[in-house]
Amino acid sequence: MNPVINHLVQLQELILIRDEQKVAGSGAHLEELDASIRELIQQLPSDVRAMFEKLYRRDRVVIGPVADGVCAVCGMRLPISLVQAVRMAQAVQSCPNCAHLLFAPAAAPRRLGQSARRTEPRKVGISRFSSEDLMVPQLAAEDAEGAIRELAGRMASAGFVDDAEKLVEAALRREAILSTALGNGLAFPHVRGVEGGGLTLALGLSRKGLRFGGSEEGLVKIVFLIVIPTAASAFYLKLLAGLAETFVKADARKALLAEKEPDKLWKALVKVTRATIK
Numbered sequence: 502m503n504p505v506i507n508h509l510v511q512l513q514e515l516i517l518i519r520d521e522q523k524v525a526g527s528g529a530h531l532e533e534l535d536a537s538i539r540e541l542i543q544q545l546p547s548d549v550r551a552m553f554e555k556l557y558r559r560d561r562v563v564i565g566p567v568a569d570g571v572c573a574v575c576g577m578r579l580p581i582s583l584v585q586a587v588r589m590a591q592a593v594q595s596c597p598n599c600a601h602l603l604f605a606p607a608a609a610p611r612r613l614g615q616s617a618r619r620t621e622p623r624k625v626g627i628s629r630f631s632s633e634d635l636m637v638p639q640l641a642a643e644d645a646e647g648a649i650r651e652l653a654g655r656m657a658s659a660g661f662v663d664d665a666e667k668l669v670e671a672a673l674r675r676e677a678i679l680s681t682a683l684g685n686g687l688a689f690p691h692v693r694g695v696e697g698g699g700l701t702l703a704l705g706l707s708r709k710g711l712r713f714g715g716s717e718e719g720l721v722k723i724v725f726l727i728v729i730p731t732a733a734s735a736f737y738l739k740l741l742a743g744l745a746e747t748f749v750k751a752d753a754r755k756a757l758l759a760e761k762e763p764d765k766l767w768k769a770l771v772k773v774t775r776a777t778i779k
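In terms of the working numbering, the sequence shown opens at residue 502 and continues consecutively.
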């Protein structure tokens, strides 16, 4: 990847991580993240920095992947010549529709789109992003990687993503930057840029608890693995804020940890998030 484009991708990742920390109420790393972001912005070539700052004033997502010839930010099908230029990465390219900068991602997992049946009622709340099939009430995993692997496998076997191993690799790369454990026994490992469908989450429980990276937040008992298409990046922050608001309450955490069957865990999740996830 072109060094400048790689620099932009890394910069955006840090910005989104900082936003996650803010909405989840975890301020331990904010100063460090802010300093790193300022440094990366200053290191950009002046013309690219000007483009970045102009886009950043109106959107948290500045650079997005090209997926199957489509801008993943706005959904516009791009001219073949532009797609080829993005892949060659000799210069920074932008979408002619939304003006976001573009990059060609390495091999990444894809969300398998699923069409709603006409007889199905309209989904609301957390049911828009998950289902009973994605509940794992008794994780067999002994560590964070094992939990991520188990939940990714569940997503793949239930037909939500095409490649569990790619999902695991991407989630672990994200964990290596900063642990997604956010206190109260919760962790939110996730992968951005999973195109082809909507935002999706799987839930797993570990009653004895798991250590997530070098986190100082204690053992994690409730793990949400979340896949996020680029266009849903802003909404993901709202979802994360809603989940953090829900599970800051001990009663909500206890309600999940009391369940040992997928169907009952799903019903408990729907119930406790009804007021916070719209």
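C-beta atoms are modelled at their ideal positions from N, C-alpha and C, and glycine is treated no differently.
Only counting the same chain, and skipping five residues up and downstream in sequence, which positions put a Cβ closer than 8 Å to that of residue i?
i: residue 460; result: Because the chain spans 502 through 779 in this model, residue 460 falls outside it and cannot be assessed.
i: residue 650; result: 642, 665, 669
i: residue 772; result: 756
When the Cα atoms are used, what is the spatial distance from residue i to residue j?
i: residue 617; j: residue 545; result: Any reading at residue 617 must be qualified, since the residue scores a pLDDT of 45, below 50, and its modelled position is unreliable; the value itself is stated next. Computed Cα separation, rounded: 44 Å.
i: residue 517; j: residue 561; result: 7 Å
i: residue 679; j: residue 646; result: 14 Å
i: residue 547; j: residue 556; result: 14 Å
i: residue 590; j: residue 510; result: 13 Å
i: residue 727; j: residue 531; result: 22 Å
i: residue 770; j: residue 662; result: 22 Å
i: residue 779; j: residue 744; result: 11 Å
i: residue 638; j: residue 741; result: 20 Å
i: residue 575; j: residue 709; result: 43 Å
i: residue 569; j: residue 746; result: 36 Å
i: residue 579; j: residue 751; result: 48 Å
Where DSSP assigns a beta bridge to residue i, which residues make up the other side?
i: residue 727; result: 691, 702
i: residue 636; result: 704
i: residue 604; result: 566
i: residue 682; result: 688
i: residue 711; result: 721
i: residue 578; result: 571
i: residue 631; result: Paired residue(s): none; residue 631 is not in a bridge.
i: residue 595; result: 602
In chain order, what residues of the same chain have a beta carbon less than 7 Å from the beta carbon of residue i, not counting five sequence neighbours either side?
i: residue 685; result: 748, 749, 754
i: residue 633; result: 763, 764, 767
Run the proximity test for residue i: is its beta-carbon closer than 7 Å to any non-hydrogen atom belonging to the ligand MN?
i: residue 700; result: The ligand MN is not among the ligands present in this structure, which contains no ligands whatsoever.
For residue i, which residues in the same chain have their Cβ closer than 6 Å to its Cβ, ignoring the five residues on either side in sequence?
i: residue 688; result: 681, 682, 713, 721, 724
i: residue 653; result: 665, 668, 669
The region 579-598 touching the region 745-759, judged by at least three CB pairs closer than 8 Å: no
Length-filtered (4 minimum) alpha helix (DSSP H) runs lying within the region 512-550: 531-544
At least three beta-carbon pairs within less than 8 Å, the region 593-608 to the region 621-638: no
Three-pair Cβ contact test at 8 Å for the region 502-511 versus the region 703-723: no
Contact the region 525-540 vs the region 560-574: 3+ CB pairs below 8 Å: no
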